[in-house]
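Single-structure report; data block below.
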Amino acid sequence: MLPPLSSTSRAMKIGISSKTLDQMQISELVRWTIRPRLMAVPGVANVAVWVQRDRQLQVLIDPDRLRAAGVTLAEVRAAAGDAVLVGGGGFIDTPTQRLAVQQAGSVQTAADLSAAIVKQSGDAPVRIGDVARVTDGFAPPIGNAIIDDGPGIMLIVEKQPTANTLDLTRNVEAAIAELKPGLKDVKIDTTIFRPATFIERSIDNLTRALMIGCLLVAVVLFVFTRDWRQATISLVAIPLSLLGAWLTLLWTGATINTMVIAGLVIALGEVVDDAIIDVENIARRLRLNREAGNPKSAFDVVFGASLEVRSAVVFASLIVMLVFLPIFFLGGVAGTFFRPLAIAYVLAIGASLLVALVVTPALCLYLLPNAPLKAERDTRFVAGLKRRYAGALPGIIARPQLAMGVIASGLLLSAVGYAGFKDQFLPDFRETDFLMHWVEKPGTSIAAMDRITIAVSKELRAIPGVRNFGAHIGRAEAADEVVGPNFTELWISLDEKADYDASVKKIQEVIDGYPGLFRDVLTYLRERIKEVLTGAGATVVVRIFGPDQVELRAAAERVKAKIAPIANVSDLKVEQQVLVPQIQIRPRAADLATMGLTAGEVRRQAQALVAGQKVGEIYRDQKSFDVAIWGEPGVRDDLHTLADLMIQAPTGAPVRLKDVADIRIVPAPNEIKRENGQRRIDVTMNVKGSDLGSIARAVETAVSGVPFAQGYHPQILGEYAALKESRQRLAITGLLCMIGILLLVWIEFRSLRITGLVAASLPFALVGGVIGVAITGGVLSLGSLVGFVTVIGIAARNGIMLLSHYNHLRDEEGEAFGPALIVRGAEERLVPILMTAACAGLALLPLVVAGNAPGHEIEHPMAIVILGGLVSSTMLTLFLLPALYSRFGRERPARDAPIEGAVA
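Heads up: take any position in the sequence shown, counting from 1, add 1462, and you land on this note's numbering.
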């Protein structure tokens, strides 16, 4: 049994080669020195070895020599086994002590085993060396490895599901460094495949984006306040909130990965929002208090100003956290990617709320009351914004129908644009490690695959930027690859400074130069995503189930023929479940009875000649080596020689194998695959030059027109199926969360009119995100959808804060409902809204500018949607929501002022 492995189990691929040592000598070092040390590294689940040439003491049989000497295979097998037999010898008790008896093995070398006696022929003994060749060799290979341009050994280090890739990689490299003094003639390359490099680059890029975002937020705060005290109080919320989220993650045992850091980057603009709201309101109240004739104590002012916005801040933060709840219900690959981001985001928002409740008021009480009173209330920049805003808003709120028209038009255009977007599940990751599947026809030999692999190795290594090359052919013992010798995986690494796109293009050109075999070029993460979703390593898979292998193959060919005309479908193929030549040995019962033989004995002797048979072990230098009997190469590679194999009958007479068994070449399936108790076959394809959704829908239409026999049915799998499932989950849970958001709004305002107002206006916040997607190529990925979720939370938060301030002015300060209240409330909330939008937007700007750099592949489209959504949600809060409030926000007509007229 294999140990438990993660879906991205490959932690490292290590190439081992030598110019002075042969494969058996390197294998000996790997088996007894290198692999045990690596298996002891914490987090390592398995170290698979491609391909281990374990040393054997082999007795190579030639049937002609056996026949000439009158010796049977069974006699040689027994003699070799007896010669190396060791075991406990018991003990002898003397009057004073007990002495153990050791039966020491006398065979250590090929010469020792050659001298072992098979039988006595007259006065002369017949030794093994008289009838067979004894030599050092290795078992029949089931695979091979190519390192750069020549033979070598590849170690695949596989990690446990909970292991940290970075820690494990460093520990494995440290273990290799410890062993190097004793491996002077061995070259060890730990960079053939090293995912830690991509992770380190991603973390560096995201950390840099986080730092730049923090700096830009600081600039925004200073530009709006021009006061170091207010800016400092707001900025303190950033490290405290991020640190709180970080410590909570560490306390729960979570690892800090790229998606966690991405969640903190996206939350950066939001974590400062609670502090901005508190600081701005407290500073404004302190200024008004100092201008009043009978000022209150600073404590009372700070306490009252903090309570004034407390309810709205709490509910707004709860809504933002509630918006992210659907992401926790994503399953499969989508959930694996986005759940850490959501956890980090929610924890950061929760920590920022705690900071706003406890730390921010205390800092305001300490720093702001003694601040010098400036002649102007606002900075010149803020005063200019307020002046222009106060001049434009009355005309807007006097025309609520115009606002409703803008919202309706925006939603209509967005719906049209959304319908035309291209679908993408997850983007291509810009890893520098590439994996290529290289599949020949079933039955192709390892030697043939070696020749092809070495040829392509030389071409790939000649490409500028290609750092190294490694390949493994077939399978290895204790590995999770169940494939034949016709299957090869090529691995190459690019230099970080290489022109990425140009290098990938040249790699693809080289691979395309080998027609006649299936091949593809993928990064490791992309290959793993496909493998996890379909088990086939393809973007779209049509899996056909049924009872009969021949009909399955026919149905698969019909499906392939229907799909073939679809444009932009690439790498279309039917899984290689075909008939291959096979040598069949079928004993004949009548002839066996005549010779007094059993079918089992015939099979055992044929197996020993063709496949080899272990008969014992020898022990040398604390190492064990197998002793095996096997046919000479010329014997086991020839059908006629196999037919003449001498079988010993119970009477002692030699019998040829063909005299008691039929030996013929017959067709046989190379593999049979089952799933859920049914046979199945796959038709696989990738998408090139088009979007995933349109191709997948065309495939679904094509497959629906294919006739299937009774008991056979297709199932379409792949990235599009996973994307549809994720969208459905987001839609269902998103609808429930929207109901929860509206419930929180109603609890806060106790007004169905306000709740309806929020429900009707929130979708407009998504318009900017839709425009952002359209401008940047019109590709809608799962990351983009998560961006839309984030925008809803931001818009709901800003809307609640504005509407709550309107209620405060009306209920606490006695302002009558009308244009004056609406303009005053919006003007007083202008600075916090713009500061929040600017902080959130500039915090995401590094992700947008960096593009799809390593670590930004998922976050880049998400940041574009959020940035566009910030523009539309800010427009909604500052202009459209006040206009709608003027039309639908009236609650108590008796206290209302006339709505007609503009405020000067």
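Where is the CB? At the ideal position from N, CA and C, for every residue including glycine.
- As summarised for the region 1517-1548, the continuous beta strand (DSSP E) elements at least 3 residues long and confined to that stretch are 1517-1523, given in chain order.
- Our two residues, G1872 and F2226, have alpha carbons roughly 7 Å apart in a direct line.
- Under the DSSP definition of a beta bridge, V2089 partners with L1519, G2078.
- Counting C-beta atoms within 10 angstroms of its own C-beta, N1743 has 16 or more neighbours from the protein chains shown and is therefore classed as buried.
- Cβ contact annotation for T1906 (same chain, cutoff 6 Å, sequence separation greater than five): N1948, in chain order.
- A Cβ-Cβ distance of about 7 Å is found for the pair A1594 and R1527, placing them in contact under the 8 Å criterion.
- With fewer than 16 neighbouring CB atoms inside 10 Å of its own CB, H2175 falls in the exposed class.
- Here I1700 carries a helix assignment [DSSP, helix/strand/coil].
- With a cutoff of 7 Å on beta-carbon distance, A2070 and I2045 are scored as not near each other.
- When secondary structure is reduced to three states using DSSP, N2269 falls in the helix class.
- Residues of the same chain with a CB within less than 6 Å of the CB of G2240, apart from the 5 flanking positions on each side, are F1883, K1884 in chain order.
- Burial check for P1701: the Cβ neighbour count within 10 Å stays below 16, so the residue is exposed.
- By alpha-carbon distance to L1677, the top candidate from L2306, V2149, L2192 is L2306.
- By the beta-carbon neighbour count (other beta carbons within 10 angstroms, threshold 16), H2102 is exposed.
- In the DSSP assignment, E1620 falls outside any alpha helix (DSSP H) and lies within the beta strand (DSSP E) extending over 1615-1621.
- Counting along the chain, the unbroken alpha helix (DSSP H) around W2208 starts and ends at 2181-2211.
- Taking every protein chain shown into account, the CB of S2032 has fewer than 16 other CB atoms within 10 angstroms, so this residue is exposed.
- Annotation: the continuous alpha helix (DSSP H) that includes F1686 extends over 1657-1687.
- Cα atoms of V1994 and L2271: separation of roughly 56 Å, rounded to the nearest angstrom.
- Here Q2075 has R1539, R2066, Q2069, A2090, I2091, W2092 as same chain residues with Cβ atoms under 8 Å from its own Cβ, once five neighbours each way along the sequence are excluded.
- Judged by beta-carbon spacing, D2100 lies beyond the 7 Å limit of R2118, meaning their Cβ atoms are not closer than that value.
- Residue state for E2013 is assigned as helix, using DSSP reduced to three classes.
- With the rule of 3 Cβ pairs closer than 8 Å, the region 2190-2202 does not count as touching the region 2159-2167.
- Closest in alpha carbon position to I2237, among E1770, G1755, I2326, is I2326.
- Here G1706 has A1813 as same chain residues with Cβ atoms under 6 Å from its own Cβ, once five neighbours each way along the sequence are excluded.
- If you compare the alpha carbons of R1497, I1738, A1530, R1493 with that of R1515, the shortest gap goes to R1493.
- A check of alpha carbon separations from A2000 across Y1851, A2183, L1628, P2112 identifies A2183 as the nearest.
- Three or more Cβ pairs closer than 8 Å define a contact, and the region 2216-2235 meets that threshold against the region 2256-2272.
- Boundaries of the beta strand (DSSP E) around R2141: 2140-2149.
- E2094 and I1908 have their C-alpha atoms roughly 19 Å apart.
- Counting only residues of its own chain and dropping the five nearest sequence neighbours on each side, P1862 has a CB closer than 7 Å to the CB of A2345, L2346, S2348, R2349.
- Secondary structure within the region 1590-1645: the beta strand (DSSP E) runs of 3 or more consecutive residues, fully enclosed, are 1594-1600, 1605-1609, 1615-1621 (chain order).
- Judged by DSSP secondary structure, N1930 falls within the beta strand (DSSP E) whose first and last residues are 1928-1936.
- Assigned with DSSP and collapsed to three states, I1718 falls in coil, not helix or strand.
- The Cβ atoms of R1517 and M2108 do not sit closer than 7 Å to each other.
- For A2130, no alpha helix (DSSP H) run applies; the uninterrupted beta strand (DSSP E) run containing it begins and ends at 2123-2131, by DSSP.
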